[in-house]
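Student: So the protein lines, in turn, are chains S and D.
Per the numbering used here, the very first residue in the first sequence carries number 10; after that it's consecutive.
Per the numbering used here, the very first residue in the second sequence carries number 3; after that it's consecutive.
Backbone N, C-alpha and C define an ideal beta-carbon position, used for all residues, glycine too.
Handing you this structure, nothing more for now.
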Amino acid sequence: AQSVTQLDSQVPVFEEAPVELRCNYSSSVSVYLFWYVQYPNQGLQLLLKYLSGSTLVKGINGFEAEFNKSQTSFHLRKPSVHISDTAEYFCAVSRTGTASKLTFGTGTRLQVTL
Amino acid sequence: GAGVSQSPSNKVTEKGKDVELRCDPISGHTALYWYRQSLGQGLEFLIYFQGNSAPDKSGLPSDRFSAERTGGSVSTLTIQRTQQEDSAVYLCASSSRGDRNKETQYFGPGTRLLVL
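What follows is the structure in structure tokens.
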């Protein structure tokens with residue numbers, strides 16, 4: 010079984026400041042890693058994913074994440090946030106090798122203010 | 003092209019009634035998933051369909067929940083004898099096996115269910 014921990018339930022940050030949203034996972038098998046964003050009253054949108062290869066993954070809207078196997082982490086970063094980045098962010102994992110269900114973290118609410 | 007669509011967008015029902023939630027996946031996607039998002043439990047997997055294989059029902063919380071996928075496309079999630087704890091947003095997702103978007107699940111906007 011897999012589990013995902015997002016330690017920060019809320020992250021307040023000023024506009025144009027950098028941000029890091031933390032994600033750690035636990036799994037007895039190899040996993041794929043994902044970050045999704047959810048804007049108010051909307052479904053989930055994929056920000057980025059790690060399947061294999063380079064451990065630094067770039068996604069949409071200027072976000073990036075780095076897979077660290079030894080620390081079982083997949084932290085999400087953005088060098089300069091905008092008001093429009095205010096949303097809920099979910100880290101998720103799935104087993105490798107076949108399409109399979111996502112196991113999600115509890116989410117981090119990113120609140121960007123002026 | 004069109005994304006995943008779900009209907010209805012909102013549903014209010016009385017405790018004890020049955021409800022049906024519908025999901026139209028992206029055309030050509032062979033895998034379809036149902037998840038539930040609630041305040042107390044976060045995002046939970048419910049059920050997964052892959053082609054003609056037997057569905058993975060391991061996430062269904064009780065035998066009041068069932069789902070089917072007709073013709074490998076549209077799926078219906080049915081909740082019988084609804085309870086107040088069933089109130090949640092029900093999300094549907096689909097994915098393909100193509101290399102370009104391998105393993106990416108595309109989510110619909112969800113159905114917000116309120117059981118009074």
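Could you pull the DSSP bridge partners for S:Glu97 from this structure?
Tutor: Its beta-bridge partners are S:Gln47, S:Arg118.
Student: Determine which residues share a DSSP beta bridge with D:Thr15 and list them.
Tutor: D:Thr15 is bridged to D:Val117.
Student: Taking only beta carbons into account, state which residues of the region 66-87 of chain S come closer than 8 Å to chain D, listed in chain order.
Tutor: Cβ contacts with chain D come from no residue of the region 66-87 of chain S.
Student: Pick from S:Trp44, S:Gly106, S:Glu97, S:Phe83: whose alpha carbon is nearest that of S:Leu119?
Tutor: That would be S:Glu97, whose Cα lies nearest to the Cα of S:Leu119.
Student: Just grab the DSSP bridge partners of S:Thr81 for me.
Tutor: According to DSSP, S:Thr81 bridges with nothing at all.
Student: Give the straight-line distance between the Cα atoms of S:Pro27 and S:Phe72, rounded to the nearest whole angstrom.
Tutor: C-alpha separation (whole angstroms): 11 Å.
Student: Closer than 7 Å by beta-carbon distance: list the chain S residues that pair up with D:Pro111, in chain order.
Tutor: Simply Gln51, Gly52.
Student: Can S:Thr105 and S:Tyr41 be called in contact, C-beta distance under 7 Å?
Tutor: The answer is yes: Cβ separation under 7 Å.
Student: If you draw a straight line from the alpha carbon of D:Phe67 to that of D:Ile49, how long is it in whole angstroms?
Tutor: When rounded, the distance between both Cα atoms is 10 Å.
Student: So, are the CB atoms of D:Gly18 and D:Arg83 less than 7 Å apart?
Tutor: In contact: D:Gly18 and D:Arg83 (Cβ atoms closer than 7 Å).
Student: Assign S:Phe113 to one of two classes, buried (16 or more other C-beta atoms within 10 Å of its C-beta) or exposed (fewer than that).
Tutor: By the 10 Å Cβ count, S:Phe113 comes out buried.
Student: How many angstroms separate the CA atom of S:Leu123 from the CA atom of S:Arg86?
Tutor: Cα to Cα, the separation comes out at about 19 Å.
Student: Going by DSSP, what residue range makes up the beta strand (DSSP E) through D:Gln43?
Tutor: Neither: D:Gln43 is in no beta strand (DSSP E) and is coded neither H nor E.
Student: In the DSSP assignment, find the unbroken beta strand (DSSP E) run with S:Ser89 in it and report its ends.
Tutor: No beta strand (DSSP E) contains S:Ser89, which DSSP labels as neither H nor E.
Student: What residues in its chain sit with their C-beta under 8 Å from that of S:Pro49, if we drop five residues either side in the sequence?
Tutor: Counting only Cβ-Cβ distances below 8 Å, and skipping sequence neighbours, we find Ala96.
Student: Note down, one range per segment and in chain order, each beta strand (DSSP E) of at least 3 residues found wholly within the region 56-81 of chain S.
Tutor: Qualifying beta strand (DSSP E) stretches, in chain order: 65-67, 73-77.
Student: Measure the alpha-carbon distance for D:Ala69 versus D:Phe51 and round it to whole angstroms.
Tutor: Between D:Ala69 and D:Phe51, the C-alpha separation is close to 9 Å.
Student: Under a three-way DSSP split, which group does S:Asp17 fall into?
Tutor: S:Asp17: coil per DSSP, three-state reduction.
Student: In the structure shown, what three-state DSSP assignment does D:Thr80 receive?
Tutor: The answer is strand: DSSP assigns D:Thr80 an E or B state.
Student: Can you tell me whether S:Gly52 is buried or exposed? The criterion is at least 16 other CB atoms within 10 Å of its CB, across all chains shown.
Tutor: With 16 or more other Cβ atoms within 10 Å, it is buried.
Student: If distances are taken between C-alpha atoms only, which option among D:Leu118, D:Ser40, D:Thr15, D:Tyr92 comes closest to D:Val6?
Tutor: When only C-alpha atoms are compared, the closest one is D:Tyr92.
Student: On the DSSP bridge assignment, give the partners of D:Ile49 in chain order.
Tutor: Partner(s): D:Trp36.
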